[in-house]
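Below you'll find the structure, written out as structure tokens, and then a few comments.
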Amino acid sequence: MLLRFVSKATSVNNFVALNQRIAQLSNEVALRRQAQRAALEQGELLRVTLASIGDAVITTDIRGNITFMNPIAEAHTQCPLGLALGRPIEEVFVIRDEEHGKPVDNPVRRVLREGRIVALANHTVLVSRLGEILPIEDTAAPIKVSNGELLGVVLVFHEVAARRRLERDLIRQAEALREADRRKDEFLATLAHELRNPLAALSAASHLLAKSSQKPHLAELARDALQRQVAHMAHLLDALLDVARITHGRVHLTKEYIPLQTCIDAALETIKPLLATRPHELSVELPQVSPRVHADRVRVTQILVNLLTNAIKYTDAVGRVRLRVETVGSEVVISVQDTGIGIPPEDLDRVFEMFSQTRPAMHRSDGGLGIGLSLVRSLVQMHGGSVRAHSAGIGQGSEFVVRLPLALDQAATAGPDHRNSAEPKRTSARRILIADDNEDGAITWAALLELVGHSVRVAHNGRKALEIAETFAPEVAMIDIGMPEMNGIEVARALRSNASGRRMVLIAVSGWGQPQDKQLALDAGFDFHLTKPVELEAIEALLASMPQPGSFDG
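The sequence shown: position 442 = 442 (the UniProt record's numbering), numbered continuously.
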């Protein structure tokens, strides 16, 4: 009886335990299903997240085979997910060194080896399945579970083509700035050299004049030196001003229909003194009928003078310079060829850049400022033409070829030919007031004008000029603009405010020669504006063009 009871109790206990076990198992299954659902939801959330971010994403398993790619990665690699799944990362994510095109160690393999986050080196490019090149940056990181077990790798990358272009542009700009700074330093050193030379000659000539009272031939020698060096410095200043005007777009061409011969004649006359100092042979080959161009006479002459001057200066010993002009189609072709120092091939284009000189030229005492050819190119282009340099190399001479368009209307009437203009008629004596705070300049000009018969008074500031004008009653006043106490503009307005001043001829003489400076002077009441340095011949011609004494009234 007791045994039957014990047996029955055991069965009941087993049944209860069994039910408890079944309940436990059911609960575990429910929890597992819940965890699976959560995992699936998290996986879907992760997949949607990776698919929607702006960077490209690729995941791999522990063998480096692709398990996922988002649409951005598909677009960059040009490989769809269905084709990429299960393939080794190297077959889809193909990367090279940007500079040399050599293969780069894949970051996924490094993560699998080292178990840490890895980033690509700079300047890496992705080669897509269709061969397109895309600069990229990337980061690869290990995918691990809580116990540290490595499950795979996630690779995130993005294209940086725009940034690479910006970097290259910045590098180019930095190099250009360094080159410009180097040229500026060289230019300033050259400018100092070019200015010191004539200043030294001026100083020597002034001392020679002081000691030549009993030796007229020495005075003449000093005078000639002074004129040459002043002209040289004026040429330097004009070139610098031209650079500024062209750079700021302030050069305006005064075009007319002219035979090119007029410019050639003027250029040859200009270079004659320089050519006389060199034992070179100059040959000129021109067509029988001079081609006609629609051009600025002064600027085309300047082009020719610069090219011929360069050819003469950069030809050593006894050399040859040839100027040749011919008509080719709708263009006139001007060639200036020399047997001089030549140009290295790598400098043929660079010689037209501002402040540029080839190395052999820079070490010459008469190398110039390095702006003449830049001016030539700018002026030729303003006329719708082109200029090219040719040379076989150092010591092989050089040739500069300018092409200008022929005048569309070859029958157009040419502008007046100034070559045979009559000499200005001799002027009658004038009463002239000179107002300039540069005492040496004012006194020297007064002496020159008195030598040719004029009566002259000098003032070194604006107020003194007005005082002298009241008693001296000048017919002509040559007034510097930048004076102390009252500047030239104020003096001109004060003179024009009374009857006697309104009858005067007012000439502004100034170192400021921009178009706006001239207009300011004219607006203030000046009749003429002359830019320093002024030639005596220019003043005499201006005085000769004025009404005769006694006709100023009314």
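All C-beta atoms, glycine included, are put in the ideal place defined by N, C-alpha and C.
Worksheet item: Would you call A205 buried or exposed, if buried means 16 or more other Cβ atoms sit within 10 Å of its Cβ?
Response: buried
Item to complete: Go to T262, then tell me how far its alpha helix (DSSP H) extends in each direction, as first and last residue.
Response: 260-276
Worksheet item: Taking contact to mean at least 3 C-beta pairs separated by less than 8 Å, is the stretch 510-524 in contact with the stretch 487-496?
Response: yes
Item to complete: Mark residue 629 as exposed unless 16 or more other C-beta atoms lie within 10 angstroms of its C-beta, in which case mark it buried.
Response: Since the displayed the chain opens at 1 and closes at 554, residue 629 lies outside it and no answer follows.
Discussion item. Using a Cβ-Cβ cutoff of less than 7 Å, which residues in the same chain neighbour V230 once the five nearest sequence positions on both sides are dropped?
Written reply: P533
Discussion item. Buried or exposed, going by whether 16 or more other CB atoms sit within 10 Å of the CB of S330?
Written reply: exposed
Worksheet item: Between the C-alpha atoms of E90 and A161, what's the straight-line distance to the nearest angstrom?
Response: 22 Å
Worksheet item: Can the beta-carbon of T315 be found closer than 9 Å to that of I271?
Response: no
Fill in: Closest by C-alpha distance to I341, when choosing among M483, L218, G397
G397
Discussion item. To the nearest angstrom, how far is the alpha carbon of P216 from that of A225?
Written reply: 14 Å
Discussion item. What ranges does the beta strand (DSSP E) occupy inside the stretch 67-112, keeping only unbroken runs of at least 3 residues that lie completely in it?
Written reply: 94-97
Worksheet item: What residues are listed by DSSP as bridge partners for I507?
Response: M478, F528
Practice prompt. Note down, in chain order, each residue of its chain lying with its Cβ closer than 6 Å to the Cβ of G115, except the 5 sequence neighbours on either side.
Written response: P142
Practice prompt. Mind the definition here: the stretch 425-445 touches the stretch 471-487 only if three or more C-beta pairs lie below 8 Å; say whether that holds.
Written response: yes
Worksheet item: Since G152 is in the beta strand (DSSP E), which residue starts that stretch and which ends it?
Response: 150-159
Fill in: For H294, the three-state DSSP class (helix, strand or coil)
strand
Fill in: Endpoints, the alpha helix (DSSP H) within which R502 is located
499-502
Worksheet item: What does a CB cutoff of less than 8 Å around N420 pick up in its chain, not counting 5 residues either side in sequence?
Response: Summary for N420: the model assigns pLDDT 41, below 50, so the residue's position carries little reliability; its value from the coordinates is reported in the next sentence. Closer than 8 Å at the Cβ level, and outside the excluded window around N420, lies no residue.
Worksheet item: With DSSP run on the structure shown, which of helix, strand or coil describes T60?
Response: strand
Worksheet item: Is T124 helix, strand or coil by DSSP?
Response: strand
Discussion item. Using a Cβ-Cβ cutoff of less than 8 Å, which residues in the same chain neighbour L150 once the five nearest sequence positions on both sides are dropped?
Written reply: I62, L112, G115, P142, I143, K144
Discussion item. I'd like to confirm the pairing. Which residues does DSSP put opposite P405 in its beta bridges?
Written reply: E331
Worksheet entry | Start-to-end residues for the alpha helix (DSSP H) that takes in S378 | 372-382
Discussion item. Nearest by alpha-carbon distance to I489: which of V509, H280, G385 is it?
Written reply: V509
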